[in-house]
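Colleague:
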Amino acid sequence: MIGYYETDQGKVRIHNEDAGGVFKNDAGQVLAIVADGMGGHQAGDVASQMTTSHLHKKWQEAKLIETPDEAEKWIKEAVRSANNEIKSYANDHEECAGMGTTVVVALCTKEFATVGHIGDSRCYFANAYGFKVITEDHSLVNELVRSGQITEEQAEHHPRKNVLLKALGTEFDLTADVKTMEFEENGRLLLCTDGLTNKVSDEELSELKSFEGEWSSFTQQMIDLANERGGEDNITLAVVHHHPSSDQKEGAE
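Counting from 864, one number per residue, gives the positions in the sequence shown under the numbering used here.
1) Just how far apart, CA to CA, sit Q1121 and W922?
2) H980 lies in the beta strand (DSSP E); which residues open and close that run?
3) Whose CA, out of K1042, H1001, T964 and A1089, lies closest to the CA of T1033?
4) Per the DSSP calculation, L970 is bridged to which residue(s)?
5) At which residues does the alpha helix (DSSP H) containing G1058 begin and terminate?
6) Compare the C-alpha of H878 against each of V1103, G1094, S1108 and E929 and name the closest.
7) Are the region 1002–1016 and the region 960–980 touching by the rule of at least three beta carbon pairs closer than 8 Å?
8) When you compare only the Cα positions, how much space is there between K887 and Q1012?
9) Quick one: residues in its chain with C-beta nearer than 7 Å to the C-beta of D1110, no 5 flanking neighbours on either side, listed in chain order?
10) Under a Cβ-count criterion, where at least 16 other Cβ atoms within 10 Å of its own Cβ denotes burial, should V1004 be classed as buried or exposed?
11) If we count the other Cβ atoms within 10 Å of its Cβ and call it buried at 16 or more, is D1000 buried or exposed?
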């Protein structure tokens, strides 16, 4: 399995509040993480970095994951404990009051991939049958679309597009939404923050399905597109490619 992670500050923000990485355990299983922090005075940096570090540490301690049930349980428990750590830290440090972060995480084995998320960072899945988003944003605008109050076209330019209904660190004992899918050879996963999806269309992201080459070229191409279109936000993405003959690359920010 190949994993690749890249983050970019964008063209406007003073700080990069995104974090994440792609990490491999001794069994060759891969954990990909993308987190988009929020909060004043760099507190978003703290929340996203704490989430990444917490999940990475849990992954280093984890035993071989053999079933989807085990994977879903692991993600729910790891994300819940990360959430509670962030909330407790914010309660104890006044300068971090109100901080939070999104998270999307993919636990990938040779047979299946389990994805969990909280917030509006997304995971896309591509295989021989197509390309689709497999997470559903925990956002006000998405809820308005789901309930039929606005159209998807109206959602693109809605003034409250960035309002989240759920984020790590905002309350204790949050549970991630999780789902598992078959992950066969040449399957691909893309995890990313809204700094990418607000600027690059799903149609453009669908190049994930057919891309051949170094994944560093793909991620840089997507970051360049987002920056060319304004780059108002930090841009972060991770790719996992089920390619058994290749070595795993690791990266973390």
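Glycine included, C-beta positions come from ideal geometry on N, C-alpha and C.
Modeller: In short, the structure shows the following:
1) No statement about residue 1121 is possible, as the shown extent of the chain runs from 864 to 1116 and does not include it.
2) F975 to I981
3) T964
4) L894 and T977
5) D1057 to T1060
6) G1094
7) no
8) 43 Å
9) Annotation note: pLDDT 48 at D1110 (below 50); position unreliable, coordinate value reported separately. Nothing meets the Cβ criterion.
10) buried
11) buried
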